[in-house]
Ligand code: ATP
Ligand code: MG
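Numbering (the numbering used here), first residue to last: 4 to 438.
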């Protein structure tokens, strides 16, 4: 539909001067005010009623054009944070360096930002020796705001009141062609903010786009720019990749561009064995599916799955050489997390959950006596059980084990006793088996 519309609007010719505004009216684009969340719509209307410019921007506009349900709605305006706060009660200012406004509604938060200006006018005073932006907090005009966004597909402005779509950089055309195109010179835009490398990978994977010719080279070559980026920012991006709804494709694309070494240096090793690669694919597809069905996804669980092949391998190596099961498992966890820490540490709030999920795995093999009842009461039982099912699906543990736990937890409390296995170490059970 978009492709036909583009053809109608632009004709076949592609070359347009970049930065030249094109305003598409209601008959020239497929967006409708009803597609916008009522909260975001109200924010835009309120700001416009007070005489300010206000638009829906970024991912939501892009996703709606691609018929993907938007994750959230961002608003851009020429009102300053203080002005926004005065106009919209309930809103609060977040962030110090560049203030943004959060407007909480029933079950969403609309993020409102003031147009940002050109930071690159005065190149020397605002970038460091790597070309990285150190000052990025100047207010600007709508046009300047568009120019400082990363990709053309992310620089579209939708005005739901007048039902117009503003496009400075042929973003609509690029979306229709499924092309990821950087605004300006890709190499210098990556230098300004290397995290854009990871954003590019995420959009390529999530939107099914291809990097255009100018983007692909720098994407492959500029990975080293990520090395000095603060760990917290890299970890945020890693989570966004894993929770993008296309996690498997994201990891493939990271490897394709050689960027995984700055986030998950062990990824090649995780995927070296066919069964490990399959385990990962299963785990990631499971998560993608849950996200598509709007079910909650736990990042800790995802990370546990991601690192499991490495933990399992080291655990096996240790038990094969005679180490007892539990200490071997905990030592394997430490080895793997330590190796990861050299590149990008997993924050404490997640590594605890990962260890709990992993640590529960051997306990699932115990199906006699009081132990299954105690395991059922464990606060991480559900996550541990889901993880067990994932391993069973992949043939790593016997399917009957997962099935037994399904039956055990679903059974009425008084029936559970009868499901317990007799302890096979006792001679009684051997006699029973023979009869
Ligand atoms: P998502 O669907 O993941 O939310 P998004 O495009 O909305 O994707 P956000 O991180 O929410 O991404 O950012 C909103 C918008 O802000 C982007 O669409 C882009 O225009 C701009 N933006 C965000 N990060 C950068 C950056 N590092 N450099 C330039 N522009 C950026
Ligand atoms: Mg967004």
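Quick reminder that beta carbons are idealized off the backbone N, C-alpha and C, glycines included.
None of these values were measured; they are calculated from a predicted model.
| Item | Value |
| --- | --- |
| Check whether residue 25 and residue 170 have beta carbons under 7 Å apart | yes |
| Test item: CB-CB of residue 331 and residue 311 under 7 Å | no |
| Three-state secondary structure assigned by DSSP to residue 269 | coil |
| Same chain only: Cβ atoms within 7 Å of residue 370, ignoring 5 sequence neighbours per side | 407, 423, 424 |
| Closest residue to residue 215 among 231, 189, 224 (Cα-Cα distance) | 189 |
| Residue 240, enclosing alpha helix (DSSP H) - first and last residue | 234 to 245 |
| As assigned by DSSP and simplified to three states, the class of residue 160 | strand |
| Residue 11 classed as buried or exposed, judged by whether at least 16 other C-beta atoms fall within 10 angstroms | Since pLDDT at residue 11 reaches only 49, below the 50 mark, its modelled position is unreliable, and no value is offered. |
| First through last residue of the alpha helix (DSSP H) which encompasses residue 334 | 328 to 344 |
| Which of helix, strand or coil DSSP assigns to residue 356 | helix |
| Among 217, 284, 266, 218, the one whose alpha carbon lies nearest that of residue 231 | 266 |
| Identified DSSP bridge partners for residue 154 | 185 |
| Test item, CB below 7 Å from any non-hydrogen atom of the ligand MG | 61, 62, 63, 74, 75, 77 |
| Proximity of residue 31 and residue 164 at Cβ, strictly below 7 Å | no |
| For residue 208 and residue 252, believed in contact at Cβ under 8 Å, the rounded distance | 4 Å |
| Residue range of the unbroken alpha helix (DSSP H) whose run includes residue 49 | 41 to 52 |
| Nearest candidate by alpha-carbon position, reference residue 84, set 143, 36, 29 | 143 |
| DSSP beta-bridge partners of residue 26 | 169 |
| Cβ neighbour criterion (16 or more within 10 Å) applied to residue 358 | buried |
| Within 7 Å, strictly: CB atoms of residue 416 and residue 346 | no |
| Residue 64 - DSSP class collapsed to helix/strand/coil | helix |
| Where residue 365 falls: helix, strand or coil (DSSP) | helix |
| Terminal residues of the beta strand (DSSP E) in which residue 117 lies | 112 to 117 |
| Same chain, Cβ closer than 7 Å to residue 336, neighbours up to 5 away in sequence not counted | 314, 358, 361 |
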